[in-house]
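Residue numbers (the numbering used here): 9 to 299. C-beta: ideal position from N, C-alpha, C; glycine also. Just so we're clear, the structure is a prediction, and the values are computed from it rather than from any experiment. Here's the structure, in structure tokens; my notes come after.
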């Protein structure tokens, strides 16, 4: 019975709405009950539609902000990774370039001498300006010994002053000075000559600040005989007479020559061939006959 009543009610409601529709379509003006119903329905719909639109817009704004945040997060991550990859690529390119230079250097040196070159990476540089030493990742386990010469593909870097099992300390060429030579036996002067003119001879025992470029030091070569034909532009190499540095290692070029302070001999300023500001890899020179 309940279902029949409900069905009858729905039937009459549908008929009523249909008749109202037909009546409204056939007349231009509405009766006041019809206008009341229409206005009431419109006002009620407005109450619900406006908040619904506001809520929908607010939800869409939140969704848009969230999507923008997620996209920004992804872009930042990609940008950061791209920067890291670029930095790694640049480092690998520099490393590859340095190692190629060393390979070419050792291949050339095979034709000139029988030295053995141990490639080492610089792992630390002392920040102390009065003791600017460097540490390399080769030690006694790799056959490294104190006083072995250290070079780059450009020229002489210095010598090994301390050896541990896996690491060694290197004194740079530009950090030697005549006062420490007389006081500290660990600091050695360098016996030098001119490439292509072994009759020339001098001693490099200190370095001095370059007034034009304070970051660059120049080597002072002393005890040059007055009859020596050494001249500006000559390439200075190790003579091998000092029993520390093997013969034939490039030191630098002569940039000036003048009488010494006593007027007995000449002295010359040497610009180092090696770049000490951008060292990453060096080579420790082993002379087979010495071992």
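Rounded to the nearest whole angstrom, the C-alpha separation of residue 107 and residue 184 is 27 Å.
Taken through DSSP and simplified to helix, strand or coil, residue 80 comes out as helix.
A Cβ-Cβ distance of about 6 Å is found for the pair residue 158 and residue 292, placing them in contact under the 8 Å criterion.
Straight-line measurement puts the Cα of residue 105 at about 33 Å from the Cα of residue 239. Going by C-alpha positions, residue 295 is about 44 Å away from residue 91. The three-state reading of DSSP puts residue 177 in strand, counting E and B together.
Distance from the CA atom of residue 285 to the CA atom of residue 267, rounded to whole angstroms, is 31 Å. Under the 8 Å Cβ criterion, the stretch 139 to 149 counts as touching the stretch 176 to 183, having at least three qualifying pairs. The Cβ atoms of residue 252 and residue 196 lie closer than 8 Å to each other. DSSP places residue 209 inside the beta strand (DSSP E), whose first and last residues are 205 to 217. The criterion of a C-beta distance shorter than 8 Å is not satisfied by residue 280 and residue 130. Residue 87 has its alpha-carbon roughly 53 Å from the corresponding atom of residue 200. In the DSSP annotation of this structure, the continuous segment of the beta strand (DSSP E) that includes residue 226 starts and ends at 225 to 232. Annotated three-state conformation of residue 265 is strand, per DSSP. Where residue 126 is concerned, the enclosing beta strand (DSSP E) starts and stops at 124 to 133.
Secondary structure in the stretch 235 to 294: the beta strand (DSSP E) runs of 3 residues or longer, each lying completely within the stretch, are 243 to 246, 258 to 267, 274 to 280, 289 to 294 in chain order. About 15 Å separates the beta carbon of residue 261 from that of residue 232, a gap too long to meet the 8 Å contact definition. The closest CA to that of residue 258, considering only 237, 212, 235, is found on 212. Between the alpha carbons of residue 283 and residue 71 lies a distance of about 58 Å.
Contact between residue 264 and residue 237 fails: their C-beta atoms lie close to 16 Å from each other, not under 8 Å.
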